[in-house]
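In my numbering, the protein residues as written are 120 to 410.
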Ligand SMILES: Cc1cc2nc3c(=O)[nH]c(=O)nc-3n(C[C@H](O)[C@H](O)[C@H](O)COP(=O)(O)O)c2cc1C
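Laid out in C-alpha cells, this is it:
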C-alpha cells in the first residue's frame, strides 16, 4: 500500500480511496470493514443542520416543563446528535485511518458554533455538505453565494481542524466560488455532491425519487470541473465524488488533479470489500506506468 499514499487536508492517507458519507459509514462495524479493506479515510454519514438546531434549542427547554410532544421530538433529535458524537469518539478509538465527520447544511444561521463540538470529539477534519437551493426568483446569485461565504466565516471562527466543503456544480462560476473558498481558508473541496432528483411515474402519475446510485456517464462533467479547478494552481485539495465505480475511474480523477476519490454507489452494489480490488487496480496501473 506504501506507493498508494497521498495527502489530503494535511493528512497522510495510505490510499486515495475515501469511503464517502452514507449509511456505509454510519456504524463502527462498517467503518472497520472499510479500514480492513483498504480505505484511505472515511467520511461519516452526515449530521443534518435540522438535527443540530433542534439539539441546540432543546438544551434549555429540557430543564423546564416542555409539552410532551416537544419533549419526545427534542429527545429523539438530541439523542441522535449525542449518538453522532459517540460515533466520532468510537471511530477515533477503533480506527487508524483518518475520520472525517460530515454536516449537511443549507444556512449559516444558529448552528455553526456546534461544529466545534464535532471537531473537539477528535475528528481529523470535517466535511461540510452545503447546498442552498435557489428557489426565490427575486434573489440574485450574489445573495445566494453570500450564504456560503457567511457560513465559512462562522465556521473558521470556531473550527481549528481542516474543513472540506462538499459542493454542487451549479454555480454561475464554479471556479470563482472555489477561489473564494480558498481565500477564506477552506482546505479542501469535494466535487461534487450528487443530489437526489425527482422523477415522475407516468402510470401512477406520482412523483418518485430517481435512482440514489450514480451511473457511469455522470463522471464526465465531474472530470471536466476537477481538471479546470486543479489547473487554477491554488492550494486547495480536491476530493472527487460521483461515479467512481472502479480503480480506473479513481485514476481518471487523480490524473485530472484530484487528491482523493470518494466511493459510495459501487460499494453498495459490490460490497465494501470491493475497495481491495480498486486499490489493486490502482497499484497495477502505477506499476505499469512507472515500473
Ligand atoms: C444511500 C446514500 C446515502 C447518502 N448519504 C449522504 C449523506 O448523508 N451526506 C452526504 O454528504 N452525502 C451522502 N450521499 C452522497 C454520497 O456521499 C456521494 O457523494 C454520492 O453518492 C456520489 O458518489 P457515488 O457516485 O460514488 O455514489 C449518500 C449517497 C447514498 C447513495
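Just so you know, even glycine gets a beta-carbon here, dropped at the ideal spot from N, CA and C.
Check: Closest residue to residue 381 among 130, 128, 302 and 160 (Cα-Cα distance); Outcome: 160
Check: CA-to-CA distance, residue 362 to residue 338, given in whole angstroms; Outcome: 5 angstroms
Check: Check whether residue 306 and residue 282 have beta carbons under 9 angstroms apart; Outcome: yes
Check: Close-in-space but distant-in-sequence residues of the same chain around residue 318 (CB under 8 angstroms, 5 per side omitted); Outcome: 326, 327, 328 and 329
Check: Residue span of the alpha helix (DSSP H) that contains residue 254, given as start and end; Outcome: That residue, residue 254, is in no alpha helix (DSSP H); it is neither H nor E in DSSP.
Check: Cβ-Cβ distance between residue 165 and residue 229 below 9 angstroms; Outcome: no
Check: CA-to-CA distance, residue 379 to residue 131, given in whole angstroms; Outcome: 11 angstroms
Check: For residue 367 and residue 227, the rounded distance between their alpha carbons; Outcome: 38 angstroms
Check: Residue 221, DSSP secondary structure in three states; Outcome: strand
Check: Sub-9 angstroms separation of residue 293 and residue 358 beta-carbons; Outcome: no
Check: Stretch pair the segment 146 to 155 + the segment 239 to 259: three plus CB contacts closer than 8 angstroms; Outcome: no
Check: Host alpha helix (DSSP H) of residue 276 (start-end); Outcome: 260 to 277
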